[in-house]
Amino acid sequence: SQQGEEDPQALSIQEGENATMNCSYKTSINNLQWYRQNSGRGLVHLILIRSNEREKHSGRLRVTLDTSKKSSSLLITASRAADTASYFCATDAHMFSGGYNKLIFGAGTRLAVHP
Amino acid sequence: KAGVTQTPRYLIKTRGQQVTLSCSPISGHRSVSWYQQTPGQGLQFLFEYFSETQRNKGNFPGRFSGRQFSNSRSEMNVSTLELGDSALYLCASSLVSGNIRTEAFFGQGTRLTVV
C-alpha cells in the first residue's frame with residue numbers, strides 16, 4: 001500500500017489565496033519531500049525536510065513536519081495560476097520488513113489556481 | 116550538469132510483446148528508482164538499483180524486471196505486455212549515503228501504450 005496519503009485529493013482556489021496540502025505516512029522516516037508534477041510530465045523536487053526538523057521555508061513554500069503524528073503539510077502562499085499542478089509528498093521511509101529505505105509517494109493533490 | 120534522460124519518450128506496443136525502457140541518471144548518482152504512474156494514480160514503486168544491485172522491489176509481477184550497468188544507466192523490461200501496463204514510467208536518480216537519500220531527480224518519463 002502507499003506509504004503517504006495526501007489530503008485533499010483536489011483543491012481549487014483563486015489566485016492570491018493560500019493553498020494547504022496535507023500528507024500522512026505510516027513508518028519512521030529519514031526525511032519527507034514534496035514534489036510537483038505538471039500534466040503527466042516528470043516530477044520536480046520542491047523541498048526536503050529532515051525528520052529532526054519541524055518547519056522549512058523556500059520562497060512561497062512552507063513545509064511542516066510532525067513526526068509524532070506522522071504528518072506533514074505544504075503551504076503555498078499567494079498562489080498563482082502557474083502553481084496549477086499535482087503535488088506529491090514522498091518519504092524516505094524505513095520499511096516494516098527491514099532492509100534499505102525506499103522513496104515512497106502518496107497519491108497526490110491536484111491543485112487548480114484560477115485567475 | 117545533464118538531467119535524467121529517459122528513452123524513448125513514447126511507445127506503442129501490442130499485448131503479448133515485450134518492451135525495454137532506458138534511463139540515464141545524473142552523473143555521480145548511483146541510485147536509480149523506477150515508478151509506474153497510471154491516470155489519476157500516484158507513483159507506484161517498481162524497484163531501485165544501486166551500484167548494479169537491486170536494493171528494493173515493489174509489488175509487481177515478475178514480468179517487470181530491471182538491471183543497472185556499471186555506468187549507472189538502468190533499463191527496465193516488461194514482458195508479455197497487458198493492457199493494464201499502459202502507463203507513464205518514471206525513472207529517478209538520487210544520491211544515497213548509507214540508508215539516507217537526498218532529493219530525487221526525475222526524467223520526463225516514457226509513456227507506454229499497450230493496444
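In order, the protein sequence lines correspond to chains A and B.
Just so we're aligned: 50 in this note's numbering is position 50 of the first sequence, and the numbers increase by one with no gaps anywhere.
Just so we're aligned: 230 in this note's numbering is position 115 of the second sequence, and the numbers increase by one with no gaps anywhere.
From the three backbone atoms N, C-alpha and C, an ideal C-beta is built for every residue, glycine too.
Inspect the beta-carbon positions of residue i and residue j and report whether they are closer than 8 Å.
i                      : j                      : result
residue 67 of chain A  : residue 73 of chain A  : no
residue 124 of chain B : residue 226 of chain B : yes
residue 202 of chain B : residue 121 of chain B : no
residue 147 of chain B : residue 140 of chain B : yes
residue 14 of chain A  : residue 85 of chain A  : no
For chain A, is any of its Cβ atoms less than 8 Å away from the one on residue i?
i                      : result
residue 148 of chain B : yes
residue 126 of chain B : no
residue 188 of chain B : no
residue 145 of chain B : no
residue 170 of chain B : yes
If we cut at 8 Å on Cβ distances, does residue i have a partner in chain B?
i                      : result
residue 2 of chain A   : In this predicted model, residue 2 of chain A has a pLDDT of only 49, less than 50, meaning its place in the structure is not dependable enough to derive any value.
residue 62 of chain A  : no
residue 57 of chain A  : no
residue 107 of chain A : yes
residue 16 of chain A  : no
residue 87 of chain A  : no
residue 26 of chain A  : no
residue 101 of chain A : yes
Beta-carbon within less than 6 Å of residue i's beta-carbon, same chain only, minus the 5 sequence neighbours each way: which residues are those?
i                      : result
residue 219 of chain B : 207 and 209
residue 10 of chain A  : 110
Apart from the five residues just before and just after residue i, which ones in its own chain have a Cβ nearer than 8 Å to its Cβ?
i                      : result
residue 129 of chain B : 196, 229 and 230
residue 181 of chain B : 149, 161, 162, 164, 169, 189, 190, 191 and 192
I'd like the list of long-range same chain contacts for residue i, defined as Cβ closer than 7 Å, with 5 residues on each side in sequence excluded.
i                      : result
residue 127 of chain B : 228 and 230
residue 178 of chain B : 193, 194 and 195
Self-check item: Proximal residues, the segment 192-223 of chain B versus chain A, C-beta separation under 8 Å
Solution: 203, 205, 207, 209, 214, 215, 216, 217, 218, 219, 220, 221, 222 and 223
Quiz prompt | Cβ-based contacts, 7 Å cut-off: residues of the segment 156-167 of chain B near chain A | solution = 156, 157, 158, 160 and 163
Quiz item: Along the chain, which unbroken stretches of the beta strand (DSSP E) at least 3 residues long are found entirely within the segment 31-107 of chain A?
Solution: 43-50, 55-58, 61-66, 71-76, 85-93 and 102-105
Self-check item: Sequence ranges, alpha helix (DSSP H) only - wholly within the segment 151-201 of chain B, length at least 4
Solution: none
Quiz prompt | Residues of the segment 28-57 of chain A whose Cβ lies closer than 7 Å to any Cβ of chain B, in chain order | solution = 30, 33, 40, 41, 42, 43, 45 and 48
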